[in-house]
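Enquirer: Sequential numbering from 1 applies to the sequence shown in full-length UniProt numbering. Even for Gly, the Cβ is constructed at its ideal location relative to N, Cα and C. Input: one structure, supplied below.
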Amino acid sequence: MEDEQWNWEKGKQKQIADDLQDANEDIDDQCVRGTRRFRLQRLALDNNSFQGNVPTNLSHYSNLMYLDFIDNKLVGNIPAELDSLQILGALELGRNKLTGSVPHSIGNLTSLWAIILGVSDLLGQIPEEISHLGNFEYLMLTDNNLIGKIPPGLFNISSICKISVDHNQPHGRLPLDTTLPNLRALGFSFNWFTGPIPISVEM
1 MEDEQWNWEK GKQKQIADDL QDANEDIDDQ CVRGTRRFRL QRLALDNNSF QGNVPTNLSH
61 YSNLMYLDFI DNKLVGNIPA ELDSLQILGA LELGRNKLTG SVPHSIGNLT SLWAIILGVS
121 DLLGQIPEEI SHLGNFEYLM LTDNNLIGKI PPGLFNISSI CKISVDHNQP HGRLPLDTTL
181 PNLRALGFSF NWFTGPIPIS VEM
């Protein structure tokens, strides 16, 4: 997938007042030590060389709406503790070395409209719980090691604009008759899908 997927509408979404770039350090409490825990709404540390795990203590920042760690050197699992961020809208952790599966608890983040987890080493299946996100718009899981079937409920989210699951290992048939009125881009290249092309794509 072209790199433009990593720049989708960033100018509209990223209104960061301070430049938080600080390369070649681990992400830990020091990154946000000077912030007021319950007021932090946006945390953008993308395009650096941060190492280590995604901090579990991010769950303490209950007002966090935007989290961007894209293009670092992070490892380990996506913390299940993030499901306490009830007003988080965008979760962007792509272009790291994350492993493990996409946590099922991600379905508890009912305010999510974007999940960007492409170009990592994630395993397992795409959780069905993503289908519970009623205002969901962007799902980008390109270049991982995901398997199984695409959750059928994903094709019933009328608000969805972009689905990108290129370069993984999912299989099976896609739903034949779906209604995705806002869909602008659908990426299922280099996988193991079979059967007929969905009617909604043909139209």
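Using the C-alpha atoms, what's the distance from Leu58 back to Leu183?
Expert: Roughly 32 Å between the two C-alpha positions.
Enquirer: Looking at Asn108 and the ligand NAD, is the gap between the Cβ and the nearest heavy atom below 7 Å?
Expert: As presented, the structure is devoid of all ligands, the ligand NAD included, so that no description of it is given.
Enquirer: On a Cα-Cα basis, can you pick out the residue from Gly76, Leu93, Leu123 and Pro79 that is closest to Asn48?
Expert: Of the candidates Gly76, Leu93, Leu123 and Pro79, the one whose C-alpha sits nearest the C-alpha of Asn48 is Leu93.
Enquirer: Tell me which residues share the same chain as Lys73 and place their Cβ nearer than 8 Å to its Cβ, disregarding the 5 neighbours each side in the sequence.
Expert: Same-chain partners within the cutoff: Ser49, Phe50, Gln51, Asn96 and Lys97.
Enquirer: Using the Cα positions of Arg173 and Pro196, report the straight-line distance between them to the nearest angstrom.
Expert: Looking at the two C-alpha atoms, the distance is approximately 8 Å.
Enquirer: Relative to the C-alpha of Phe188, which candidate in Asp143, Pro181, Ile106 and Tyr61 has its C-alpha closest?
Expert: The shortest C-alpha separation from Phe188 is found at Asp143.
Enquirer: Whole angstroms is fine: what's the gap from Trp113's alpha carbon to Pro181's?
Expert: Approximately 16 Å, taken between the alpha carbons.
Enquirer: Rounded to whole angstroms, what's the CA-CA distance from Ile163 to Asn191? Just pull it up for me.
Expert: Those two C-alpha atoms are separated by around 14 Å.
Enquirer: Does Asn156 come out as helix, strand or coil in the three-state DSSP assignment?
Expert: Correct three-state label for Asn156: helix.
Enquirer: Taking the straight line between their C-alpha atoms, what separation do you get for Asp166 and Leu141?
Expert: Distance between the alpha carbons of Asp166 and Leu141 is about 7 Å.
Enquirer: Tell me whether Asp18 is buried or exposed, calling it buried when 16 or more other Cβ atoms sit within 10 Å of its Cβ.
Expert: With a pLDDT of only 36 at Asp18, under the threshold of 50, the placement of this residue in the model should not be trusted, and no figure is reported.
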